[in-house]
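Shown next, in structure tokens, is the structure this report addresses.
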Ligand SMILES: Nc1nc2c(ncn2[C@@H]2O[C@H](COP(=O)(O)OP(=O)(O)OP(=O)(O)O)[C@@H](O)[C@H]2O)c(=O)[nH]1
Ligand SMILES: [Mg+2]
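In the numbering used here, the protein residues as written are 33 to 223.
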């Protein structure tokens with residue numbers, strides 16, 4: 033996909049704040065620090081468009097990025113951030129739930145995983161939930177630059193089996209591997 037334009041549009045904390053237009057959206061969901069915001073920057077080749085941090089819990093609102101004036105990529109706060117006060121995490125969960133369940137523009141979900149970590153019950157229930165909502169779903173394994181080729185193949189098989197998913201997109205924000213495939217998957221979902 034050729035990126036002609038990419039812009040941050042707004043941050044939302046509830047549905048009344050979401051963009052008021054009919055463009056299709058895809059959303060990124062995954063653990064805190066897994067690389068969701070970095071993935072947006074790589075996709076559009078713009079360092080710093082989405083704010084990233086080595087400390088988990090950087091993204092705290094639902095952030096809408098409009099690409100090529102034809103679709104949105106939506107960045108969510110990560111879940112499972114250990115040092116996060118319970119009340120704050122519960123607030124994020126409510127926010128994410130409201131978005132996933134009540135957004136007609138939403139055309140597909142990308143679940144982002146770090147292949148070095150096993151998928152947990154949280155990811156499993158996320159898959160089940162998205163299936164219940166009848167939303168198309170794809171998986172992205174990010175930070176693949178951190179693993180050797182053989183280790184990545186081994187870990188990919190384990191995670192695929194645990195989640196029973198289709199072929200994941202193997203991605204790295206550092207090397208740019210997976211950017212074209214991610215673009216293709218987004219285009220399929222938003223077409
Ligand atoms: N080596 C490597 N590091 C990455 C990659 N993607 C992200 N990172 C690093 O991982 C850290 C977290 O990245 P973010 O993009 O902020 O992660 P996030 O999922 O948006 O985190 P939250 O906003 O807290 O949910 C940063 O230090 C990034 O530089 C990658 O593909 N490879
Ligand atoms: Mg983030």
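Backbone N, C-alpha and C fix where the C-beta goes; we use that ideal spot for every residue, glycine too. Given the structure is predicted, the values throughout are model-derived calculations rather than measurements.
Nearest to residue 108 by alpha-carbon distance, out of 65, 222, 35, 199, is 65. Ranked by Cα distance from residue 112, the options 175, 63, 171 are led by 63.
The beta-carbon separation of residue 201 and residue 223, rounded to 17 Å, does not stay under the 8 Å limit for a contact. At a cut-off of 3 residues, the continuous stretches assigned as beta strand (DSSP E) that sit fully inside the region 88 to 149 are 94 to 99, 103 to 107, 138 to 145. If you draw a straight line from the Cα of residue 193 to the Cα of residue 212, it comes to about 25 Å. A Cβ-Cβ distance of about 7 Å is found for the pair residue 105 and residue 60, placing them in contact under the 8 Å criterion.
For residue 54, the shortest separation between its Cβ and any heavy atom of ligand 1 does not lie below 7 Å. With a threshold of 16 other beta carbon atoms within 10 Å, residue 156 falls short and is exposed. Put simply, the region 72 to 85 touches the region 33 to 40. At least three CB pairs are less than 8 Å apart.
Per the coordinates, the alpha-carbon of residue 141 lies some 11 Å from the alpha-carbon of residue 131.
For residue 222, the enclosing alpha helix (DSSP H) covers residues 211 to 222. Approximately 6 Å separates the beta-carbon atoms of residue 139 and residue 57; this is inside 8 Å, confirming the contact.
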